[in-house]
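First comes the structure, then the notes that go with it.
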Amino acid sequence: MQTVLLIEREQNELVTVRDLARQLGNDLPLSPGNTHKSVVREIIALLDKPNRIAFSSLINGAQPGKLLYDSNILGVILLSFSVFYIISTAAEEPPNEAILSRMRALWPHVVKWGTILHPARTLLVNLPGQGAVDKHDTGRDVAAITQAYSIIAESDPVFVKPFIHTHPDLVGQALELWLHFPRYIPASDPDATASVYGATLTVTHLYKMLVHQNNKPTAVERALFIDELWRATKNRRRALFRAAASQTEFLLTLAPNPLLGSKVWTNHFGLLGLLVGIPDFQPSRIPQEAIASTLNAAKRWMKRRETYDAAVSAVKFVGALCSAARDNRALVRAIDVGVLELLHDLGRLEDAYDRDLQFFVRMLCAAETQARVMRAVLRRYPERPPLEMRFQTQRPPSAPPTWKDIIWTQLTYRDVYFKNHKGRDWRRVMTCGGTQGPHDQLNRVCPCAGAFYCSGSCQRAHWRVHRLVCTADTGPLGFEGALSLSDALFLCVIIRAHLNQRKAEIGMQLGHLLQRAPRQRNTRMSAVLFDLSDVVPSDVVVPSGGGGGGSSANANPTAQATPHPRHEVYLPEGCRVDENDVARMGIRAGPVMIEAMVRVGGVKRKRVMPFSYDVAYFLS
12 MQTVLLIERE
22 QNELVTVRDL
32 ARQLGNDLPL
42 SPGNTHKSVV
52 REIIALLDKP
62 NRIAFSSLIN
72 GAQPGKLLYD
82 SNILGVILLS
92 FSVFYIISTA
102 AEEPPNEAIL
112 SRMRALWPHV
122 VKWGTILHPA
132 RTLLVNLPGQ
142 GAVDKHDTGR
152 DVAAITQAYS
162 IIAESDPVFV
172 KPFIHTHPDL
182 VGQALELWLH
192 FPRYIPASDP
202 DATASVYGAT
212 LTVTHLYKML
222 VHQNNKPTAV
232 ERALFIDELW
242 RATKNRRRAL
252 FRAAASQTEF
262 LLTLAPNPLL
272 GSKVWTNHFG
282 LLGLLVGIPD
292 FQPSRIPQEA
302 IASTLNAAKR
312 WMKRRETYDA
322 AVSAVKFVGA
332 LCSAARDNRA
342 LVRAIDVGVL
352 ELLHDLGRLE
362 DAYDRDLQFF
372 VRMLCAAETQ
382 ARVMRAVLRR
392 YPERPPLEMR
402 FQTQRPPSAP
412 PTWKDIIWTQ
422 LTYRDVYFKN
432 HKGRDWRRVM
442 TCGGTQGPHD
452 QLNRVCPCAG
462 AFYCSGSCQR
472 AHWRVHRLVC
482 TADTGPLGFE
492 GALSLSDALF
502 LCVIIRAHLN
512 QRKAEIGMQL
522 GHLLQRAPRQ
532 RNTRMSAVLF
542 DLSDVVPSDV
552 VVPSGGGGGG
562 SSANANPTAQ
572 ATPHPRHEVY
582 LPEGCRVDEN
592 DVARMGIRAG
602 PVMIEAMVRV
612 GGVKRKRVMP
622 FSYDVAYFLS
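Under the numbering used here, residues 12 to 631 are what the sequence shown spells out, in order.
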């Protein structure tokens, strides 16, 4: 009986302090004669009085180990969590710092009770034979924990970081609650949306504080977060991506929260985008269900104007997934599910969305230089786009790329794909690697995509030399299997097409480059580098006579529209040709090495193409 009376007294004190805090936060009108300053003094007086009983259960009520469920104790603890949150929120303004210091004193006790209430820790045990009516409500527990932890996580890092170092379990608990909230929060709970929002917000604040480079975390702080995330995912990278799919599907079942609106979704996908960017958690392959569930949700949100922002955040997250992948399979999956249509629809709605999605647009355009992605685009759009979509007006310098650039890039490479790639142009234009003839039409390619042959006998004869440079064990062009042989051959025909289109321009740049080069540098091989990692046209300042290496030393920069892809003519360091050849053929002699900067998923590398040109080709 005495315990019940003490609990009632504590509840009354907590309600009194809560109502004062609500006045401070303007949720309730001030009592007659009160001011904000007087309310602050009254709250501090109640918290500091010697016989204070408010928060006493929070401070003294839990012992280590399991705890038998008691509805009276748990009721006052959950009320304490709620009052702690309300006071902390109301006292965030600088004049109320005195209240915040008293709330910070409660942080260790909040985490202690969070451990007990946490559904993954199973420290709260129901009494034997206890009826279902009197059992504790897991959804209510999670709502209380997420609310309290979110206010701790968003507090001043000067105080939060030292606290986390002494109470690292806060990070682990927050990650477990967020990662598995579909297990712990009943979809029927009226506070389910708010609980998910609180759990997401808490982890977002912890990530930014402990991992994000802008906040200059120490190696220890970053390791703390990463280690706890490993524990929450049970040391499985794919668990994070699979959780993203189940979280999205669960959120779709919840009733909309008018106060939060699209914030639940933008925060949800924003956090997922941050976490998939952590190198430690990038899997070898992105689960397809994560992409499909996200894009299907985005299509649903396109039906209502108030959820357009949610659709944008979903598409941005898919872009983050594709960027984290080690190949373009995730991107192909996104195209198959309908990401191109979403980019088109969002781009027509509001110009601001183009800026939000420009990174994804650039990645898609660059990926269209690879056969696997081009096939996916053609499956989706087997016919040419309508006539009005084929003509791209020049984009202002500050404007971001849009869905129109994706269509423009497709049109640029569509004919190259059908005529040159599907027509197997490499059989006619590439040179047999064998040194002894006679040679017939080429009919085979080394798996490294670095040597071509007209017959098996030529390939066998050349193997003694080619084996020294062959990279077949790392896949075509050395991309560890991320590129197929078909992708590599398509890259070759694209670059040859651009070389043919720009023959005169490259010839002028080579001529200026070789004329400016001192005699002792004439023996160096020249190179043309095509940047296929970003093929979107842009207005930039470029040297009038070419770029890179020694070619731009005396060039006058001019502003011009750069075609896609951009190219650079330069003298690579350490690449030389035989001096006798130079003496015999003069300045026009020497091979021109052809290079490409290629992006596949999250990997961008510069590769030498398996063919070269004589400089005379460009200067003729």
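Built from N, CA and C at the ideal position, the CB exists for glycine as well.
Cβ-Cβ separation, residue j to residue i (assumed contact under 8 Å), whole Å
| i | j | result |
| --- | --- | --- |
| Leu-117 | Ile-64 | Rounded, the Cβ-Cβ distance is 14 Å, inconsistent with contact. |
| Gln-381 | Leu-502 | 7 Å |
| Phe-252 | Pro-193 | Actually they are not in contact, since the Cβ atoms of Phe-252 and Pro-193 sit about 15 Å apart, beyond 8 Å. |
| Leu-497 | Ala-377 | A small fix is needed here, since residue 497 is Ser in this sequence, not Leu. Not confirmed; about 17 Å, so no contact. |
| Ser-161 | Gly-209 | 5 Å |
| Glu-379 | Tyr-424 | 6 Å |
| His-509 | Pro-576 | 7 Å |
Residues near residue i in its chain [Cβ-Cβ closer than 7 Å; skip 5 each side]
| i | result |
| --- | --- |
| Glu-21 | Ile-64, Ala-65, Ser-67, Ser-68, Val-87 |
| Lys-219 | Asn-226 |
| Pro-411 | Asp-365, Arg-366, Gln-369 |
| His-120 | Leu-69, Ile-70 |
| Phe-174 | Trp-118 |
DSSP state of residue i mapped onto helix, strand, coil
| i | result |
| --- | --- |
| His-578 | strand |
| Asp-200 | coil |
| Phe-463 | strand |
| Asp-81 | coil |
| Lys-615 | strand |
| Val-427 | helix |
| Tyr-392 | coil |
| Ile-64 | coil |
| Pro-602 | strand |
| Val-50 | helix |
| Ala-570 | Residue placement at Ala-570 is flagged as unreliable, the pLDDT there being 34, under the threshold of 50; the coordinate-derived value follows with that caveat. Of the three classes helix, strand and coil, the one that applies to Ala-570 here is strand, per DSSP. |
| Leu-540 | strand |
| Arg-247 | coil |
| Arg-513 | coil |
| Ala-493 | coil |
| Asp-625 | strand |
| Cys-457 | coil |
| Cys-443 | strand |
| Val-15 | helix |
Sub-8 Å separation of residue i and residue j beta-carbons
| i | j | result |
| --- | --- | --- |
| Asp-347 | Ala-493 | no |
| Val-539 | Val-580 | yes |
| Asp-436 | Val-504 | yes |
| Ala-325 | Ala-335 | no |
| Leu-186 | Glu-239 | yes |
| Leu-212 | Ala-155 | no |
| Arg-616 | Phe-429 | no |
| Ala-331 | Thr-277 | no |
| Val-26 | Ile-54 | no |
| Val-153 | Ser-206 | yes |
| Gly-281 | Thr-215 | yes |
| Pro-602 | Met-536 | yes |
| Ile-417 | Leu-342 | no |
| Gly-445 | Ala-483 | no |
| Val-122 | His-176 | no |
| Leu-306 | Ala-254 | no |
| Phe-92 | Met-114 | no |
| Gln-34 | Thr-126 | no |
| Arg-632 | Leu-488 | Residue 632 cannot be examined here, being either before or after the span of the chain that is shown, 12 to 631. |
| Ile-506 | Phe-629 | no |
| Leu-58 | Val-50 | no |
| Arg-249 | Pro-298 | yes |
| Ala-462 | Ala-499 | no |
Own chain, CB closer than 6 Å to residue i, minus 5 neighbours either side, in chain order
| i | result |
| --- | --- |
| Leu-354 | Trp-414 |
| Gln-2 | Lying outside 12 to 631, the shown extent of the chain, residue 2 is not represented and no answer is given. |
| Gly-561 | The predicted position of Gly-561 is uncertain, since its pLDDT is 39 and thus under 50; a value taken from the coordinates is nonetheless stated next. Counting only Cβ-Cβ distances below 6 Å, and skipping sequence neighbours, we find Leu-582. |
| Pro-168 | Met-220 |
| Gly-558 | Reliability of the predicted coordinates at Gly-558 is poor, the pLDDT of 40 falling under 50, and the value obtained from them is presented with this limitation in mind. These residues qualify, in order along the chain: Glu-579. |
| Ile-97 | Arg-29, Ala-32 |
| Gln-158 | Tyr-96, Gly-209 |
Cutoff 8 Å; reference residue i; Cβ partners in own chain excluding five residues on either side
| i | result |
| --- | --- |
| Thr-264 | Ala-198 |
| Gly-150 | Tyr-195, Ile-196, Pro-197, Asp-200, Asp-202, Ala-203, Ser-206 |
beta-carbon residue i near the ligand HEM non-hydrogen atom, thresh 7 Å
| i | result |
| --- | --- |
| Leu-543 | This structure simply doesn't include the ligand HEM, nor any ligand for that matter. |
Task: Runs of alpha helix (DSSP H) lying entirely within the segment 78 to 132, each at least 4 residues, in chain order - done: 82 to 101, 108 to 115, 118 to 128
Open item on the list: In chain order, what are the residue ranges of uninterrupted alpha helix (DSSP H) at least 4 long that sit wholly in the segment 273 to 345?
Closed with: Here the runs fully enclosed are 274 to 287, 299 to 312, 319 to 335.
Task: Runs of alpha helix (DSSP H) wholly within the segment 352 to 376 (minimum 4 residues, chain order) - done: 362 to 367
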